[in-house]
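Those sequence lines, one after another, are chains A and B. Quick note: the first sequence uses this note's numbering, first residue 1, plus one each step. Quick note: the second sequence uses this note's numbering, first residue 144, plus one each step. C-beta atoms are modelled at their ideal positions from N, C-alpha and C, and glycine is treated no differently. Just so we're clear, the structure is a prediction, and the values are computed from it rather than from any experiment. What follows is a short report on a single structure.
2 protein chains.
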Amino acid sequence: MHSKTADSLQNKFNQKLLDKGLRPTKQRSCVYDVLLQKKDHPTADEVLVRVRKKLPSISLATVYNCLETLVDCSLVKQVNMDRSPSKYCPNLTPHAHFRCSKTGRIYDLNLQEDEINQLKELLPSGFNAENFDLTFSGSANLP
Amino acid sequence: MHSKTADSLQNKFNQKLLDKGLRPTKQRSCVYDVLLQKKDHPTADEVLVRVRKKLPSISLATVYNCLETLVDCSLVKQVNMDRSPSKYCPNLTPHAHFRCSKTGRIYDLNLQEDEINQLKELLPSGFNAENFDLTFSGSANLP
DNA sequence: TTCTCAATTTAGAATAATTCCAATTACAAC
DNA sequence: GTTGTAATTGGAATTATTCTAAATTGAGAA
């Protein structure tokens with residue numbers, strides 16, 4: 001197992017932004033940090049609250065801007081369920097979601113390559129999927 | 144193959160509403176008919192336009208009310224993708240969706256029971272799914 | 001038939017999430 | 001330092017949807 005160092009994450013962040021000709025500003029960096037620190041799928045509002053602990057004067061508009069930028073740079077994924085506010089997570093590996101209907105909590109279910117292939121086999125010929133979105137809901141009974 | 148008669152659909156509609164102590168009004172019936180007539184996943188706005196051909200003075204609020212009622216009665220499914228307006232469809236059999244990124248068109252992909260079981264096998268133990276939502280997006284290349 | 005009353009419909013106001021806009025601020029390159 | 005573009009900001013605007021309170025409907029009672 002291998003967990004990225006703070007430094008290598010910082011490099012990745014800088015690199016992905018610079019690749020697109022964008023600046024790694026402190027607002028963007030702070031929004032990204034907040035998502036890495038607690039991986040619980042916060043909404044923009046929740047991100048605002050957390051980021052303000054470091055940057056008390058950041059605006060909601062900026063949080064939305066930063067999140068959009070991070071999504072465009074493939075640093076963060078935007079997660080939508082039903083019509084509830086968008087949630088954001090830094091898990092870039094292919095995964096499904098499970099929402100516990102009791103607690104509202106969202107779990108990432110990482111998928112193996114063969115599982116993804118299995119999913120794509122559900123497609124009739126003529127359909128070419130670039131993306132998929134898979135969300136389960138029900139009750140989670142965890143240790 | 145077997146296609147339901149207009150009458151049996153009418154009965155189903157009346158029954159499901161009466162089961163819940165609700166009235167099969169002309170507005171509700173008309174909204175349901177519109178969904179059955181063209182199964183292309185219209186939004187509430189689009190449903191409004193279509194229903195007004197029969198009931199010119201129906202309001203948008205009523206269309207929303209009717210759609211909600213039909214969903215509650217399990218006559219219609221509400222389909223959400225990203226943060227776009229909710230879409231509605233009368234296909235109650237378990238299915239996934241495919242959205243063509245070129246045309247925006249949405250296709251139903253009906254799933255067999257074994258395929259649904261396959262999907263549920265993606266869940267680690269402790270997760271009990273009552274529902275799932277599976278949407279692919281990409282390009283459709285159809286005859 | 002007429003009356004009654006709860007269910008339904010309706011128009012418009014309210015809400016919530018998000019995007020837009022125009023004015024400032026920040027910062028990299030010269 | 002100056003300049004120029006990118007980024008941030010507060011507030012207004014937009015969009016989908018829900019809420020509200022008044023009017024209408026229709027089924028059953030009298």
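Alpha helix (DSSP H) runs contained entirely in the region 200-227 of chain B, provided each spans 4 or more residues: 203-215
Short CB-CB distance (under 7 Å) between A/ASP147 and chain B: The requested residue 147 of chain A is not part of the displayed model; chain A covers only 1 to 143.
To the nearest angstrom, how far is the alpha carbon of B/ASN153 from that of A/ARG83? Sequence inspection shows Gln at residue 153 of chain B; the Asn mentioned does not correspond to that position. The alpha-carbon atoms of B/GLN153 and A/ARG83 are separated by roughly 30 Å.
Chain B beta carbons: is any one of them nearer than 7 Å to that of A/ALA129? yes
Beta-carbon spacing of A/TYR64, A/VAL76 below 7 Å: no
DSSP on B/ASP162, reduced to helix/strand/coil? helix
Residues of chain B with a CB under 9 Å from the CB of A/ASP82: which are they? GLN221, ASN223, SER229 and ASP276
Look at the Cβ atom of B/TYR175, then the Cβ atom of B/LEU213, and state whether they are nearer than 7 Å. yes
Three or more C-beta pairs under 8 Å: does that hold for the region 111-127 of chain A against the region 241-258 of chain B? yes
With DSSP run on the structure shown, which of helix, strand or coil describes A/SER29? helix
Mapping DSSP to helix, strand and coil, what is B/SER280? strand
Is the Cβ of B/ALA187 closer than 7 Å to any Cβ of chain A? no
Segment contact, 8 Å Cβ cut-off, at least three pairs: the region 181-201 of chain B with the region 228-245 of chain B: yes
Pick from B/LYS196, B/PRO199 and B/SER217: whose alpha carbon is nearest that of B/LYS163? B/SER217
Those residues which DSSP pairs with A/LEU9 across a bridge: Note: A/LEU9 sits in no beta bridge, so no partner.
Name the one or two DSSP bridge partners that B/THR186 has. B/LYS230
Please confirm whether B/LEU265 has its beta-carbon closer than 7 Å to some beta-carbon of chain A. yes
Go ahead and label A/SER137 buried or exposed: buried means 16 or more other beta carbons lie within 10 angstroms of its beta carbon, across all protein chains shown. buried
Cβ-based neighbour list, B/THR186, same chain, cut-off 6 Å, excluding 5 preceding and 5 following: PRO228 and LYS230
Quick one: what's got a C-beta closer than 7 Å to A/LYS120's C-beta in the same chain, skipping five residues either side? ALA129
Counting only Cβ pairs nearer than 9 Å, list the residues of chain A close to B/LEU288. Because chain B is modelled from 144 through 286, residue 288 of chain B falls outside the range shown and cannot be assessed.
Output, in chain order, the set of chain B residues within a Cβ distance shorter than 9 Å of A/SER137. ALA272, GLU273, ASN274, PHE275 and ASP276
Quick one, which of A/ALA6, A/LEU48, A/SER139 and A/GLU115 has its alpha-carbon nearest A/TYR99's? The question names Tyr, but residue 99 of chain A in the sequence shown is Arg. Here the closest residue by C-alpha is A/SER139.
Leaving aside the five residues before and after B/ARG195 along the sequence, list all residues of the same chain whose C-beta is less than 8 Å from its C-beta, in chain order. ILE201
Would B/THR278 pass as a contact of B/HIS240 if the rule is Cβ separation under 7 Å? yes
Quick check on A/GLU130: does DSSP put it in helix, strand or coil? strand
Name, please, each residue of chain A whose Cβ falls closer than 8 Å to the Cβ of B/PHE241. LEU123, PHE127 and ALA129
Which whole-angstrom value is the C-beta distance of A/GLN118 and B/GLN261, which I expect to be below 8 Å? 7 Å
Reducing DSSP to helix, strand and coil, say where B/LEU254 ends up. coil
Against chain A, with Cβ distances strictly below 7 Å, would B/ALA283 count as a contact? yes
B/GLU258: contacting residues in chain A (beta-carbon distance under 8 Å): LEU122
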